[in-house]
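In the working numbering, the protein residues as written are 39 to 169.
Built from N, CA and C at the ideal position, the CB exists for glycine as well.
As structure tokens, the structure follows; a few thoughts come after it.
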């Protein structure tokens with residue numbers, strides 16, 4: 039008898055499944071991995087335009103996100119050089135988040151992505167391929 043309660047995971051069979059290093063596909067894959075995550079793009083939109091926000095402000099502006107997830111997403115964005123964390127040594131502690139110059143450079147690309155998504159025809163995705 040086989041067990042069906044175990045998780046089934048995708049396992050890459052070979053390294054050939056990955057995009058070739060240096061290829062356009064590999065660069066796109068790298069960029070998308072930096073931005074993947076349910077909340078990262080939402081957080082970036084809150085910070086665009088040179089805004090600097092405290093942790094609590096980001097938490098209020100992002101309904102549904104847990105503190106743990108917010109911390110995790112901000113740390114990943116900071117690690118990737120997209121977000122900067124500004125610590126003020128005072129009592130009570132004050133920490134703010136803003137985009138780095140490189141992170142701010144994402145704004146036009148994400149605006150273009152939003153424009154592209156909004157231009158989706160109503161019948162897009164309904165095409166079927168007959169075998």
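Should residue i and residue j be called a contact, given that it needs their Cβ atoms to be closer than 7 Å?
i           : j           : result
residue 170 : residue 134 : The structure shown does not extend to residue 170, since the chain spans only 39 to 169, so no value can be given for it.
residue 138 : residue 123 : no
residue 99  : residue 84  : yes
residue 90  : residue 136 : yes
Just list the residues that DSSP pairs residue i with in beta bridges.
i           : result
residue 144 : DSSP lists no partner for residue 144.
residue 137 : 121
residue 132 : 126
Put residue i into one of helix, strand or coil per three-state DSSP.
i           : result
residue 78  : helix
residue 48  : Residue placement at residue 48 is flagged as unreliable, the pLDDT there being 46, under the threshold of 50; a coordinate-derived value is accordingly withheld.
residue 26  : There is no way to answer for residue 26, as the model of the chain reaches only from 39 to 169.
residue 155 : helix
residue 69  : helix
residue 150 : helix
Applying the criterion that 16 or more other CB atoms from any shown protein chain within 10 Å of the CB defines a buried residue, is residue i buried or exposed?
i           : result
residue 111 : buried
residue 141 : buried
residue 236 : Nothing about residue 236 can be read from this structure; the chain reaches only from 39 to 169.
residue 151 : exposed
residue 46  : Confidence at residue 46 is low in this model, with a pLDDT of 47, below 50, so the placement of that residue should be treated as unreliable; the coordinate-derived value is given next. When all chains shown are included, residue 46 counts as exposed.
residue 144 : buried
residue 88  : exposed
Next item on the list: List in chain order: all unbroken beta strand (DSSP E) runs of 3+ residues lying wholly within the segment 84–128.
Entry: Taking only runs of at least 3 residues, the beta strand (DSSP E) segments lying wholly in the segment 84–128 are 90–92, 121–126.
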